Amino acid sequence: MTSTFCRVALIGKYQSAGSSPASKNRQALGEIAALLQSQGCEVMVEQQTADNTPVSGYPVLDLDAIGRDCDLGLVVGGDGTMLGIGRKLASSGVPLIGINHGRLGFMTDIPFGSFESVLPPMLRGEYDEERRQLMRARVMRQGVCVFDTLAMNDVVVHRGNSPGMVELRVEVNGHFVANQRADGLIVATPTGSTAYSLSAGGPILHPSLAGWVMVPIAPHTLSNRPVVLSSESEVAIEIASEREATANFDMQSLSALHHGDRVIVSRSEHSVRFLHPRGWSYFDTLRQKLRWNEGVAGQ
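All you need for the numbering used here is the position in the sequence shown, starting with 1, plus 6.
As structure tokens, then:
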């Protein structure tokens, strides 16, 4: 068989060695690697995958080398795995295919039990491609940037372990929006609109939209509602009270924000390339993952 992708990096979710999940992951990765080889692909294994879920017999590459040398990243795990890998490989332009070996799987949308039938056509070039935008987030303290990172899902400023609300001064494109007293504030991409933002009452944004949603978490003023913004906007969230707060950027955390600190969220120049089976629909994913059809007669 001839594959469109010559060198494919196999990336799995990381479990501690010796655990039962690690054993299952090793078996799953081995089965997928064998299929890739049968389709004419040269298989590489990502460094941390090899360290934590040993799959023997394949060259091992770190993420920098994957970004330089591989044509495709095949991510086996859940959305958390895909978030981390997507951020790190976005600048390289390497496309990603997700095989769900986790829980929900909004981004890892190929069920593990279907990979043997779904992957071969995709490897031959029969796929649909989409790009997911990233946010750049910086933490400014007394005019100095103390933290600079990317986020695919969301940027969340919240009260952390504090028993009371945090007060946040919010600006969009330099214009004052509100002083908000709440448990926190979420700025989410369309990808992140089905994560924490959704549970906080935010809308679902289709991933083709060039927009973000700004969602308050348990606001003191009930008229504070989610706001949809252009992804060209720059959002500034300033800690306006003496109470310390915490910031999360996808799974990355900054545990102590101080009075006067500003979290600046802007659009990144990078995006993540996702490949889906031909005919893939975002609405199919929503219907399956959110169980919209349950209890509906005739479904």
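Beta carbons are placed, not taken as given, at the ideal position from N, Cα and C, and that holds for glycine.
All values derive from a computational prediction rather than experimental measurement.
| Query | Result |
| --- | --- |
| In terms of residues, what are the limits of the beta strand (DSSP E) holding T155? | V150 to A157 |
| Between the segment 139–150 and the segment 99–118, do at least 3 Cβ pairs fall closer than 8 Å? | no |
| In the DSSP assignment, find the unbroken beta strand (DSSP E) run with Y133 in it and report its ends. | Y133 to R147 |
| How about L42 and G18: do their beta carbons lie closer than 8 Å? | no |
| Taking just the CA atoms, how far does S247 sit from L238? | It is Glu, not Leu, that sits at residue 238 in the sequence shown. Their Cα atoms are separated by approximately 28 Å. |
| If you follow the beta strand (DSSP E) that Q54 is in, where does it begin and where does it stop? | Run containing Q54: none in the beta strand (DSSP E); it sits in the alpha helix (DSSP H), Q53 to N58. |
| Given a threshold of 16 other Cβ atoms within 10 Å of its Cβ, counted over all protein chains shown, does G207 qualify as buried or as exposed? | exposed |
| What residue does the beta strand (DSSP E) around L235 start on, and which one ends it? | V233 to S236 |
| DSSP beta-bridge partners for H181? | V178 |
| Grouping DSSP H, G and I as helix and E and B as strand, with all else coil, what is V221? | strand |
| Three-state secondary structure (DSSP) at G83? | strand |
| Just the C-alpha distance for P283 and A40, rounded to the nearest angstrom, thanks. | 20 Å |
| Start and end of the beta strand (DSSP E) containing G104? | L102 to N106 |
| Let me make sure I understand the geometry here. Which of L204, R268, S287 and G285 has the alpha-carbon closest to that of D154? | R268 |
| Are there 16 or more other CB atoms within 10 angstroms of the CB of S26, so buried, or fewer, so exposed? | Because S26 carries a pLDDT of 44, less than 50, the predicted location of this residue cannot be relied on, and no value is offered for it. |
| Any idea what DSSP makes of Q294, helix, strand or coil? | helix |
| Locate the beta strand (DSSP E) running through S261, then write down its first and last residues. | Q258 to L263 |
| I need the straight-line Cα distance from E54 to V178, nearest angstrom please. | A quick correction: the sequence has Gln, not Glu, at residue 54. Each residue's Cα considered, the two are about 39 Å apart. |
| According to DSSP, which residues form a beta bridge with V61? | According to DSSP, which records beta bridges pairwise, V61 is partnered with nothing at all. |
| On the three-state DSSP scale, how would you describe Q45? | coil |
| Alpha carbon to alpha carbon, what distance is there between L16 and G24? | Any reading at G24 needs caution, since the residue's pLDDT is 44, under 50, leaving its predicted position unreliable; the model's value is listed next. The alpha-carbon atoms of G24 and L16 are separated by roughly 20 Å. |
| So which of A96, V221, G190 and L89 has the shortest CA-CA distance to S4? | Since the displayed the chain opens at 7 and closes at 305, residue 4 lies outside it and no answer follows. |
| Would you say A262 reaches chain D, if we count a Cβ-Cβ gap shorter than 8 Å as a contact? | Although the question refers to chain D, the structure presented lacks it and comprises just one protein chain. |
| Hey, is I243 close to the ligand NAP, as in C-beta under 7 Å from one of its heavy atoms? | The ligand content of the structure shown is nil, which means the ligand NAP is not present either. |
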